[in-house]
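Numbering (UniProt numbering), first residue to last: 1 to 95.
Where a beta carbon is used, it is the ideal one built from N, C-alpha and C, also for glycine.
Here you go:
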């Protein structure tokens with residue numbers, strides 16, 4: 001191995017170590033921030049879970065209402081199409 005390759009390898013290893021320590025530092029800061037919020041806002045996982053369940057339930061109900069509306073709308077469109085087809089058939093048959 002040449003001296004230049006050795007220095008390049010050292011630089012690469014150094015940059016990788018810096019990236020890893022930077023990520024670890026960010027992760028540690030994030031964990032401390034979450035702990036701070038939980039402590040200051042008196043939050044815990046049970047409350048978060050309940051809130052998430054309520055939000056999910058609300059979103060699910062909204063989706064169901066939207067689906068029902070779309071089904072009713074598509075049924076009305078189908079009925080209109082059938083009536084238009086029948087009217088055209090009657091016209092073609094001279095009825």
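Using the three-state DSSP reduction, which class does residue i fall into: helix, strand or coil?
i	result
residue 2	coil
residue 42	coil
residue 25	helix
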